[in-house]
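Visitor: First the structure, then my questions, so here it is.
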Amino acid sequence: MDSSYILSTINPVIGLFLALTFYLIWRKHSEKAYILNWSLGFAAGSIGYAFEFFHFFVTSFRFANGVNIFLPISMLFTVRGVCLRYSGQAPDRILLSAITLTGVIGCWMSFGDHNALIRGSVVSGGVLVAMIVAMHAIMKAPGRDKIDLCLLLTILSLTLLLPVRPLASFLIEGAPRTDAIEVTSFWVVSLKVGGLFVWMAFAILFLLRIAADLLAELNEQSVTDSLSGILNRRGFFETAEGMVLNATPKLPVSVLLLDIDHFKKVNDSYGHQTGDEVIRNTAAVMHSNAPETAVIGRLGGEKFAMILPNTNRRTALPFAEALRMSIERQSHSGVSADHPITASIGLAEGTGGPLEELLHDADIALYKAKNGGRNQVGTVGAEAFKGHSMRTPGRLVRALR
């Protein structure tokens, strides 16, 4: 067993290990199709490099054929995974056309014209098209972070190196022929070593991308109410606190504190499943009617809150009235038509100060709406927010701590 025999196992084994790693991750998160594509990419590359190892046992397995067929397939799945991750869809027609044409020409030249330099340039051209597609998907994606930039830089580096390898091989060894290539030649060694480094770079960055995505999802789950789909108490306070604190008299904020009327009777009369449906529908009405800059959260039970930035009480009042009427018009499965679900809303304006104190003012306004007969909007003026350091938070605020 000579050294070339041993060295021929390095790339296939590493590729197989990476393919298995990403496959196991995908099994835990099967909704993320891009992870499966990356696994298939490593698997196809592993098969391509394994042709050199199989050649020691079956001479019909030629390393050039494995590279020409399976490395383009490997790049197809890799780029497809990148596109699915960053744009949500893959340009399969472009990728399949480029990779299929590359593979067909590469294989035809392997059996016909034995000029490996031309064949390698053709294969590199197909891979180059796939790399451009991947870079386009990343550059179009919103909210790119450092991992994305590193991946973009890696793909760009590979794109620039693709035409360099055939040129360097030509300058060092002349035009190689597929029927006379030595395993120790620059042509073969550069392909194997370069492929190994690219694999490792992609694997590290892909794993970092998956880990960052999962952490972001966990963080989102920790601040999202599982029933209504909007922010929970923690998420609402974290998001709205700075917004309220930085408000000014010229750029005030308004808060709407909303409470579903007679919600206990809804649960008692129609059951908790219907009550949950009412919660979800109310949250959906608030979300569909709110401006994009609004912060919406469920504070607990049947109580909701909404922050309207750069909005004074005069502007927020007609919005609150329209929201109240939209909730009243909303139908709910399981609730009879002669029993409309209504909500009372407390409105307060803040010009800078703690969020808890602004919620206290809104709680006072909500209490006025409840005492006034429910299904209405109660208000307190911006002047109620002054002297907040002298007051104790209301019962609702204390319950939220």
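If you want the numbering used here, it's the 1-based position in the sequence shown plus 1. All C-beta atoms in this analysis are idealised placements derived from N, C-alpha and C, irrespective of residue type, glycine included.
(1) In the DSSP assignment, find the alpha helix (DSSP H) that holds SER337 and state where it starts and stops.
(2) Considering only the beta carbon of each residue, do ALA34 and PHE71 sit closer than 7 Å?
(3) Confirm, please, whether the CB-CB distance from PHE54 to SER9 is below 7 Å.
(4) Tell me which residue opens and which closes the beta strand (DSSP E) that LEU257 is part of.
(5) Looking at THR352: is its Cβ nearer than 7 Å to the Cβ of ALA248?
(6) Which of the three DSSP states, helix, strand or coil, is assigned to VAL59?
(7) If you compare alpha carbons, which of LYS147, ALA138 and PRO167 is closest to SER125?
(8) Between ILE133 and the rest of its own chain, which residues show a CB-CB distance below 8 Å, the 5 nearest in sequence each way excluded?
(9) Less than 7 Å between the C-beta atoms of VAL267 and GLN331, yes or no?
(10) Quick check on THR225: does DSSP put it in helix, strand or coil?
(11) Determine the closest residue to LEU309 out of GLY67, ASP262 and HIS288, with distance taken between C-alpha atoms.
(12) Can you give the beta carbon distance from PHE18 to SER40, rounded, assuming they're within the 8 Å contact cut?
(13) Specify the secondary structure class of PHE18 as computed by DSSP and reduced to three states.
(14) Between GLY301 and ARG235, how many whole angstroms is the CB-CB distance? I'm expecting something under 8 Å.
(15) Mind checking PRO253: buried by the 16 CB within 10 Å criterion, or exposed?
(16) Comparing the C-beta of ARG210 with each C-beta of chain B, is any distance below 7 Å?
(17) Please determine, among GLU357, ARG375, VAL381 and GLU358, the residue with the shortest C-alpha to C-alpha distance to ALA1.
(18) Would you give the residue range spanned by the beta strand (DSSP E) that GLU32 belongs to?
Guide: In terms of the structure at hand:
(1) Note, SER337: premise wrong, no alpha helix (DSSP H); not H, not E.
(2) no
(3) yes
(4) Its beta strand (DSSP E) spans residues 254-261.
(5) A contact, by the Cβ cut-off of 7 Å.
(6) coil
(7) PRO167
(8) THR160
(9) Not closer than 7 Å, so no.
(10) strand
(11) HIS288
(12) With 8 Å as the limit, PHE18 and SER40 do not qualify as a contact, their Cβ atoms being about 11 Å apart.
(13) helix
(14) Incorrect: roughly 11 Å between the Cβ atoms, too far for contact.
(15) buried
(16) Of the chains in the structure shown, none is chain B; there is only one protein chain.
(17) Outside the modelled stretch of the chain, which goes from 2 to 402, sits residue 1, for which no answer is possible.
(18) Neither: GLU32 is in no beta strand (DSSP E) and is coded neither H nor E.
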